[in-house]
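Engineer: First residue of the sequence shown? That's 1 in UniProt numbering, and the numbers climb one at a time after it.
Note that the Cβ used here is the ideal one computed from N, Cα and C, for glycine as well.
Since the model is a prediction, treat every value here as computed from it, not as a measurement.
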Amino acid sequence: MSELYPVPADFAARAHVDAAAYDRLYPASVADPQAYWREQAAFLDWMRPFTQVSDTRFDPEDLRIRWFADGTLNASVNCVDRHLPAKADIPAILWEGDRPGDSRTVTWGELSDKVNRLANVLSGLGIAKGDVVTIYLPVIPEAFIAMMACVRIGAVHSVVFSGFSAESLASRIEDAGAKLLITADEGYRGGRTVPLKRNADEAVAGQPSIRHVVVVRRSDGAVPFTPGRDVWYHEALAAAAPWCEPVEMGAEDPLFILYTSGSTGKPKGLVHTTGGYLVHAGTSWRTIFDWHEGDIFWCTADVGWVTAHSYKIYGPLLNGATSVMFEGVPSWPDSSRWWSIIERHRVNIFYTAPTALRSLMREGDGPVRRHDLSTLRVLGSVGEPINPEAWRWYHTVIGGGRCPIVDTYWQTETGAVLLTPIPGAVANKPGRAGKPYFGITPRVVDAQGGVIDGPGEGNMCFEGSWPGQARTILGDHDRFISTYFAPFPGLFFTGDGVLRDEDGYYCITGRVDDVINVSGHRLGTVELESAISSHPAVAESAVVGYPHEVKGQGVFAYVTLKDGIPATEDLRREIKDSVRARIGAIASPDIIQWAPALPKNRAGKILRRILTKVAADDFQNFGDTSTLADPGVVDDIVQRRKADK
Ligand code: WT7
């Protein structure tokens, strides 16, 4: 592909890393990763310095991932204390509420005060080092404060996306054995009210591990309150002492848990540890976004995702950067909302997901042109492949043709970015996630496990460890090994397909496992199927992804009803609603197609390959259909798909 956007010369001139630096430093960083990461680790304030950089081995029989293991530190000291007193009166967070005009500034001084007080409140409620605290909050400053308060006392935070249902929240609380929940009375999104406390109460009802619920007051709504168990955040903070001694943590002590979907039903709680994660998140954030002192940064991700953990919260806080935080959605009250926020706060670096760009692009350039976006210098993309059309719109209309785009490839599991075009160093190619980050060794691997050199297509794997990677799946280390390290021994397997071009650029081609990527959110098809099949009218279901203009992939469900149950529009709606209630709105099927039977082989295995093709309106080349128990089933599915169009 020849479409190449060179790094603008004036950009390269002041960038942290230019092409010459990348070409010199990258090979050195992978030749001697220990030396590279030792140097990067100096970015943190350690309480006790480490003596050994790493002890790592990607051997499924003897997996070892340890970084800076004998060093000690505290995350909140690095994220907050060390920017004081110099930045006491400078904003850490420029917060914009859902409703235009509702805004708030949190200075570093205020952030520190609140973090210390909340840390004392948590200790007073019996939370100690190693305990898990679940956080179910909207995008409000208290989410940052809650995370920092946890890590100050060595508690492990587990943030659950506030769009998840009570049932999803309950299963995550249970899996982690969380002792305390931090939530809000209600949240606001796109003019609507989200009943967070009601969901939280429902979730906590069957969870004996939860002793207390700390409730942030965000709305004026009256919410149920259980005396003895529930504690108002504002009351507790006012009564708390203003200083909390930070707890000294080992570099390999857990920092947080974050759940994500996999190819089996149960979400996985990935465990990230303190030292390595902070080194990788903090240094990569600064390099990748080419942040300079004074720059205003905005990442639009919700606090419930890893994007926000590493690059909205830890990355900016570790660097003492001022960031914008926005509670609402880009389309409300109208589709110029984001652009008005960029203008108002003079944002320099903007990081978002392709799905949002595709939906805003449909509104035309008008809503953008009404605003002055000339402060923008770097744009970022994350969560799914960005199609070249959206890339060009982002580049031309949002970035005025002058801003490099960092298409960042990584995962909840990897903790921080692995592939990206570093903006001052690597020319952009639309649709390509660029080149490896420092210290990272990508491998393209064929189905037999053979490493492909040069251009080619295969499975996206990485060799050697990096400090930000997850250490295990909570309570299921065997699953951690079998998912990521057993498929290609000696390598970490991402679950993605990849293509490497003749210039060494990587293009992620999407998941190769039973995971679909809907609007940048990972959903396991098995998890979706079990939610659908729990509806009493459903006998069986099969879920696949299909190309969706805005979401990237949509959820396509083939549903077989129990004998004698009529297939009605009402039932379709009911099934969608039940998935929404069980998992959350993001998982609700876009299309439900009735299927009197599913195509199976003689062993009873569903042939998803065929279902995926039909969902994509591709009715040819079904491959080997000789294993089908009943070939007539496929004809029926094809006829129905054609008729539905
Ligand atoms: C999966 C990870 C990384 C934070 C957000 C999602 C896909 C992510 C890209 C990209 C193509 C991407 C992959 C990956 N993905 N970034 N720049 N280009 N695909 O984190 O929920 O853990 O999902 O998102 O499929 O495996 P996540």
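1) Taking C-beta to C-beta, are W95 and M325 nearer than 7 Å?
2) With a 10 Å radius around its C-beta and 16 neighbouring C-beta atoms as the bar for buried, classify W243 as buried or exposed.
3) Taking the beta carbon of D59 as the centre, do at least 16 other beta carbons fall within 10 Å, making it buried, or is it exposed?
4) Going by Cα to Cα distance, which pick from R66, R189, P208, V139 is closest to I173?
5) Who are the near neighbours of A42 in its chain, counting only those whose CB is closer than 6 Å to its CB and skipping five residues on each side?
6) Looking only at its own chain, which residues have a Cβ that is under 8 Å from the Cβ of A585, when we skip the five neighbours before and after it?
7) Within the present structure, is the beta-carbon of R511 separated from the nearest heavy atom of the ligand WT7 by less than 6 Å?
8) Going by the C-beta, is I508 closer than 6 Å to any heavy atom of the ligand WT7?
9) Can you find a CB in chain B that lies within less than 7 Å of the CB of A31?
10) Can you tell me which of the three DSSP states K562 falls into?
11) Between the Cα of V121 and those of F256, H477, A539, A236, spot the shortest distance and give me the residue it belongs to.
12) Just to confirm the assignment, what range does the alpha helix (DSSP H) spanning W37 have?
13) Strictly by DSSP, which residues pair up with M249?
14) With H, G and I counted as helix, E and B as strand and the rest as coil, what does DSSP make of S534?
15) Count the other C-beta atoms from every protein chain shown that fall within 10 angstroms of the C-beta of M249, then say buried if there are 16 or more, exposed otherwise.
16) Please state whether DSSP places T627 in a helix, a strand or coil.
17) Could you tell me whether the Cβ atoms of I516 and G545 are closer together than 7 Å?
18) Just verifying my parser: in three-state terms, what is the DSSP assignment at M325?
19) Taking only the alpha-carbon atoms, compute the straight-line gap between D230 and R152 and give it to the nearest angstrom.
20) In three-state terms, what does DSSP make of residue 647?
21) Helix, strand or coil, according to DSSP, for I90 in the structure here?
22) Excluding the 5 residues preceding and the 5 following I386 in the sequence, name in chain order all residues of the same chain whose CB lies nearer than 6 Å to its CB.
23) Is the beta carbon of I145 closer than 7 Å to that of K179?
24) Given A166, which residues of its chain have a CB within under 6 Å of its CB, disregarding the five upstream and five downstream residues?
25) For the ligand WT7, I want to know if P596 counts as a neighbour, meaning its beta carbon is within less than 6 Å of at least one of the ligand's heavy atoms.
26) Does the Cβ of T260 lie closer than 6 Å to at least one heavy atom of the ligand WT7?
27) So is the beta-carbon of Q553 under 6 Å away from any non-hydrogen atom of the ligand WT7?
28) Measure how close the beta-carbons of R522 and T283 come, nearest whole angstrom, since I'm counting them as under 8 Å.
29) Hey, would you say the C-beta of residue 646 is under 6 Å away from at least one heavy atom of the ligand WT7?
30) Does the beta-carbon distance from V80 to L111 come in below 7 Å?
31) Tell me T497's beta-bridge partners as DSSP assigns them.
32) May I ask you to report which of helix, strand or coil DSSP gives N387?
33) Measuring straight from C-alpha to C-alpha, what distance separates D334 and R99?
34) Give the C-beta separation of Y188 and V214 to the nearest angstrom, bearing in mind that I take them to be a contact with Cβ-Cβ under 8 Å.
35) Considering only the alpha carbon of each residue, which of G265, R392, M147 lies closest to P430?
36) Which of the three DSSP states is assigned to I296 in this structure?
Structural biologist: Checking against the coordinates, here is how it stands:
1) The beta carbons of W95 and M325 sit closer together than 7 Å.
2) Flag for W243 reads exposed.
3) Classification of D59: exposed, given that the 10 Å Cβ count is below 16.
4) P208
5) none
6) G163
7) yes
8) yes
9) Considering every chain present, this structure includes no chain B. It has just one protein chain.
10) coil
11) A236
12) Per DSSP, W37 is one residue of the alpha helix (DSSP H) stretching across 33-41.
13) L73
14) Looking at S534 - three-state DSSP - the assignment turns out to be coil, as it is neither helix nor strand.
15) buried
16) coil
17) yes
18) DSSP places M325 in the strand class (E or B) of the three-state scheme.
19) Using only the alpha carbons, I get a separation of about 22 Å.
20) Nothing can be reported for residue 647, as the shown portion of the chain is limited to 1 through 645.
21) coil
22) P354, D407
23) no
24) N199, E202, A203
25) no
26) yes
27) Set against 6 Å, the gap from the CB of Q553 to the closest heavy atom of the ligand WT7 is not smaller.
28) Not confirmed; about 26 Å, so no contact.
29) With the chain covering only 1 through 645, there is no way to say anything about residue 646.
30) When the beta-carbon positions are compared, V80 and L111 come within less than 7 Å of each other.
31) Inspection of the sequence shows that residue 497 is occupied by Gly rather than by Thr. In the DSSP output, where bridge partners are listed per residue, G497 has N459, G510.
32) Coil.
33) 11 Å
34) Actually they do not touch by this definition, with Cβ atoms about 20 Å apart.
35) R392
36) strand
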